[in-house]
Amino acid sequence: MRPKPGYLSIVAIMCVLVLAVIAGCTEQKLGAPAAYSGATLCGDSFGVGRVPCPTTGFVILEQQKTKGRFPCRVAVARLTPDPKRPFSDPLPTEWALGEIKDEDSTYWTSLFNTVPDVQGVTIMDPLNMEHPEANLEKIAATAAEMKTGLCVVFGPGPAESGNASILGVIMDNARRERIACVQALASPKDAYEPPPDQMLGDQRYEDVNYIAVRKFQQQVRQCMQELRSRDTPAPATQPSPWKTGRGIRSIDQQLPPIYVIPNRSSNW
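For the record, in the sequence shown the residue sitting at position 153 is 153 according to the numbering used here, with numbers rising by one throughout.
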């Protein structure tokens, strides 16, 4: 039995409508992710007070130059509001060592690949500490036990509605001292054009939270280069096995003669 022509027309119209809805959903632009609006850190949270740090930039807190700080490894620790104490305006917010997402961990571990004397990056998480409260001295002590010389401690900073900010300090793990303050601010104006191969639903290019973290990481990198330029390498306790160009004889120089003296008689 052949279907009626009217039935085929209805089926065709339904297929066209379904395809149109799918195409419309695909092309519909999603709204930008909302900026972080929870608890924030300030200079007092890190024990540095009101430091004149740019909204995106860094300030070196130590005046004197250093000796033997580099080469070293760098630890990275992220502070988050303590989940055991929900955020509430009338009460002070408790902070704890939080986890760093795999994507951010990958970016951190490759951040200093081309920075000489930064030997590597160690990502810290709550399991590294028995009590992961936000005590910078204890975090630095734990980072020192993990064979790192410096530690970047950061978290959400204050920002106007719709913006995102990251605030942090760099700790000298051996001395338990804050040696630099770093900050980055991102606004919707910092959104950039997505690459042609951007996956559907990937909104990082307009996510102020994501952009703020990336800007903060670049400031940390620049700050680390500045700290390295202010450091004098410690004298080596043992001679290096590597030879520099100064000890290599020039090709144009005359080589000394070589004499071959047999140690036994030969009957030639």
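Glycine included, every Cβ here is placed at the ideal spot set by N, Cα and C. In this text, all values refer to a predicted model and were calculated from it rather than measured experimentally.
Starting from residue i, trace the alpha helix (DSSP H) in both directions and tell me its first and last residue.
| i | result |
| --- | --- |
| residue 102 | 102-109 |
| residue 51 | Where residue 51 is concerned, there is no enclosing alpha helix (DSSP H), given that its DSSP letter is neither H nor E. |
| residue 293 | Given a span of 1 to 268 for the chain in the structure shown, any question on residue 293 remains unanswerable. |
| residue 136 | 136-145 |
For residue i, does the three-state DSSP call read helix, strand or coil?
| i | result |
| --- | --- |
| residue 188 | helix |
| residue 63 | coil |
| residue 43 | helix |
| residue 24 | Legend: pLDDT at residue 24 = 49, less than 50; position of this residue unreliable, no value from coordinates given. |
| residue 232 | strand |
| residue 199 | coil |
| residue 78 | strand |
| residue 204 | helix |
Could you tell me the alpha carbon to alpha carbon distance between residue i and residue j, rounded to whole angstroms?
| i | j | result |
| --- | --- | --- |
| residue 104 | residue 33 | 18 Å |
| residue 213 | residue 166 | 6 Å |
| residue 160 | residue 190 | 15 Å |
| residue 36 | residue 99 | 17 Å |
| residue 64 | residue 226 | 13 Å |
| residue 215 | residue 234 | 32 Å |
| residue 152 | residue 40 | 17 Å |
| residue 80 | residue 154 | 9 Å |
| residue 108 | residue 258 | 56 Å |
| residue 255 | residue 261 | 19 Å |
| residue 48 | residue 197 | 43 Å |
| residue 218 | residue 131 | 30 Å |
| residue 204 | residue 51 | 30 Å |
| residue 193 | residue 200 | 14 Å |
| residue 269 | residue 44 | No statement about residue 269 is possible, as the shown extent of the chain runs from 1 to 268 and does not include it. |
| residue 113 | residue 123 | 15 Å |
| residue 96 | residue 56 | 24 Å |
| residue 25 | residue 31 | Confidence at residue 25 is low in this model, with a pLDDT of 46, below 50, so the placement of that residue is unreliable and no value is reported for it. |
| residue 184 | residue 164 | 8 Å |
| residue 77 | residue 206 | 25 Å |
| residue 195 | residue 202 | 11 Å |
| residue 172 | residue 46 | 14 Å |
| residue 150 | residue 236 | 21 Å |
| residue 102 | residue 210 | 14 Å |
| residue 94 | residue 232 | 39 Å |
Would you say the beta carbon of residue i is closer than 6 Å to some non-hydrogen atom of the ligand COA?
| i | result |
| --- | --- |
| residue 95 | Ligands in the displayed structure: none, and consequently the ligand COA is not present. |
Over what stretch of residues does the beta strand (DSSP E) that includes residue i continue unbroken?
| i | result |
| --- | --- |
| residue 127 | No beta strand (DSSP E) contains residue 127, which DSSP labels as neither H nor E. |
| residue 150 | 150-157 |
| residue 165 | 164-172 |
| residue 260 | Residue 260 -> no beta strand (DSSP E), and no H or E assigned at all. |
| residue 122 | 118-123 |
| residue 98 | 95-98 |
So, under 8 Å CB-CB, residue i and residue j are touching, yes? Tell me the CB distance rounded to an integer number of Å.
| i | j | result |
| --- | --- | --- |
| residue 230 | residue 111 | About 20 Å separates the two Cβ atoms, so there is no contact after all. |
| residue 228 | residue 58 | That belief does not hold up - the Cβ atoms of residue 228 and residue 58 are roughly 13 Å apart, past 8 Å. |
| residue 223 | residue 182 | 6 Å |
| residue 72 | residue 148 | 7 Å |
| residue 14 | residue 75 | Incorrect: roughly 60 Å between the Cβ atoms, too far for contact. |
| residue 42 | residue 158 | 6 Å |
Is the CB of residue i under 7 Å away from at least one CB in chain D?
| i | result |
| --- | --- |
| residue 108 | Looking for chain D here will not work: only one protein chain is present. |
Next on the checklist: Check whether the stretch 135-144 and the stretch 166-180 are in contact - that is, three or more C-beta pairs closer than 8 Å.
Outcome noted: The stretch 135-144 makes contact with the stretch 166-180: 3 or more CB pairs, one atom from each, lie closer than 8 Å.
Next on the checklist: Would you call the stretch 124-134 in contact with the stretch 185-200, where contact means no fewer than 3 C-beta pairs closer than 8 Å?
Outcome noted: No, they do not touch.
Next on the checklist: Between the stretch 48-67 and the stretch 106-120, can you find at least three pairs of beta-carbon atoms closer than 8 Å?
Outcome noted: Counting Cβ pairs under 8 Å, fewer than three are found: no touch.
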